[in-house]
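Q: I'd like to ask you about the structure that follows.
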Amino acid sequence: MIEPHRLFEILDRIKRASVGVVGDFCLDAYWELDSSAPELSVETGKPTHAVARQRYSLGGAGNVLSNVVSLGVRKVLAFGVRNEDLFGRELLTQLRSLNVDTTGMVLQPCDWDTPVYAKPYLDAEEQNRLDFGRYNTLSPETERQLLDSLKRHTGTLDALIINQQLPQGIFSPAVVNCLNQLGQQYSSEVFVLDSRDRSLDFHRMTYKINASEAARLAGKSVETNEAVTSDELRQYATALFSRFEKTVFITRSSFGVFVFDGKRSDELPAVKIAEPIDSVGAGDTAVAAIACALAAGATPREAGLLANLAAAVTVRKLRQTGTATPQEILDLAATSNIGR
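Just so you know, the sequence shown maps onto residues 1466 to 1805 in the numbering used here.
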């Protein structure tokens, strides 16, 4: 439970924060296919798929950044890599439309396709996804420019979110080493890690991970985040804290967030939301809320509560990787037991 005045205070302080996001910036492409009888290609004789409508939104680290912006952060910086291909131009356009600082988005013209998750939909059902950018190679010059940008700006931030999505993305050994060194150099700054499969390369950072990933790191296999028990959560969180030496946030989907700061553990239940819901992107919302709350001086427990509220706002936004505004969070808190 968090008192309304305290929630308002944290959200107000977030407006004065400066937050950076470094990671694998992607586009999500939504292609709605015409369900009528397909035409046959004159050249191949095979059926064609007509795209009736298309839309694009920021994905990967871009969606994390979108959530940071929606929370009202004063200054937001993006650190990543793009190409000047058509998707790269759309990526940069969308970032600039959010009024974020994109000087850290390094242009690599060769051996780099802007990462895209292209999702065709037929009769509202997602079909086989098409992925762009799986085989990217970070060039030495791109790496140098990215490192220079991180070193130049990190000391000016209140928080830096590290978001690793792609096996072959921006996180070369040199970039990982640089981020670890910056975390030590600016120990009073909030560094929050959200890594899909490179987490053990980092250290001494606040760590956000979902329960099934935490189980995997412990050598266990579970199908859902909810399948991990409370005792297992404590075991995993303790092991992760000994590794990272910072607060661990384990997200549990409909069960909320587990927080462990080395001394105290909190099981924070999720806000109850009626169906239908769409949980895609909820983890991005959670990590953004955690980082922004900590940057604003919130306790780990308060950051976990804010993450629950923000995620509950976004899961109600169907077929999109939604974001949460301060007003939406306050409105939800007023009608839930978390905000009272």
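Ideal placement from N, C-alpha and C gives every residue a C-beta, glycine not left out. Note that the structure is predicted; figures quoted are calculated from it, not measured.
In the structure shown, what three-state DSSP assignment does L1629 receive?
A: Looking at the sequence shown, residue 1629 is not Leu but Gln. If DSSP states are grouped into helix, strand and coil, Q1629 belongs with the strands.
Q: A1624 bridges to which residues according to DSSP?
A: V1484, V1655
Q: Leaving aside the five residues before and after D1588 along the sequence, list all residues of the same chain whose C-beta is less than 8 Å from its C-beta, in chain order.
A: Taken in chain order, the residues that qualify are S1500.
Q: So, for A1702: in the same chain, excluding its five sequence neighbours on each side, which residues have a beta-carbon less than 7 Å away from its beta-carbon?
A: V1713, I1715, F1723, F1725, S1730
Q: Which of the three DSSP states, helix, strand or coil, is assigned to L1611?
A: DSSP places L1611 in helix when its eight states are reduced to three.
Q: How long is the line joining the alpha carbons of D1811 and E1555, rounded to whole angstroms?
A: Residue 1811 lies beyond the range of the chain shown here (1466 to 1805); nothing can be said about it.
Q: How is Y1672 classed by DSSP in three states: helix, strand or coil?
A: strand
Q: Inspect the beta-carbon positions of F1544 and L1492 and report whether they are closer than 8 Å.
A: no
Q: Counting along the chain, where does the alpha helix (DSSP H) carrying A1776 start and finish?
A: 1765-1779
Q: Just confirm the distance between the C-beta atoms of E1691 and R1717, as a whole number of angstroms; I'd bet it's less than 8 Å.
A: 6 Å
Q: Please tell me whether F1656 and I1627 are closer than 8 Å, where the distance is taken between their beta carbons.
A: Closer than 8 Å, so yes.
Q: Could you check if M1466 is buried or exposed, using at least 16 other CB atoms within 10 Å of its CB as the buried criterion?
A: exposed
Q: Nearest CA to the CA of E1608: which residue from L1563, F1636, H1618, R1561?
A: F1636
Q: Based on Cα-Cα distance, which residue from R1617, L1603, S1652, A1624 lies nearest to P1632?
A: L1603
Q: Roughly how many angstroms lie between the CA atoms of R1471 and G1721, to the nearest whole one?
A: 20 Å
Q: Measuring straight from C-alpha to C-alpha, what distance separates I1794 and L1563?
A: 20 Å
Q: Could you round the C-beta distance between I1479 and V1538 to whole angstroms and report it? I think they count as a contact, below 8 Å.
A: 6 Å
Q: Between which two residues does the beta strand (DSSP E) holding S1730 run?
A: 1730-1733
Q: Could you tell me which of L1647, V1640, L1733, R1681 sits nearest to S1695, measuring between CA atoms?
A: L1733
Q: Mapping the DSSP letters down to three states, classify G1721 as helix, strand or coil.
A: coil
Q: Please tell me whether L1536 and D1566 are closer than 8 Å, where the distance is taken between their beta carbons.
A: no
Q: Label Y1672 either buried or exposed according to how many other C-beta atoms from any shown protein chain fall within 10 Å of its C-beta, with 16 as the threshold for buried.
A: Taking all protein chains shown into account, Y1672 has 16 or more neighbouring C-beta atoms within 10 Å of its C-beta and is therefore buried.
Q: Is it a yes or a no for the segment 1502-1521 touching the segment 1658-1671, going by three-plus beta-carbon pairs under 8 Å?
A: The segment 1502-1521, when compared against the segment 1658-1671, does not touch it at the 8 Å Cβ threshold.
Q: Can you pull the DSSP bridge partners for T1716?
A: N1675, V1722
Q: Relative to the C-alpha of W1496, which residue among V1571, N1528, N1532, Y1582 is closest?
A: Closest option to W1496, Cα to Cα, is Y1582.
Q: Compute the distance between the beta-carbons of A1760 and A1482, then report whether it is under 8 Å.
A: yes
Q: In the structure shown, what three-state DSSP assignment does T1415 receive?
A: Here the chain comprises residues numbered 1466 to 1805, so residue 1415 is not present and cannot be evaluated.
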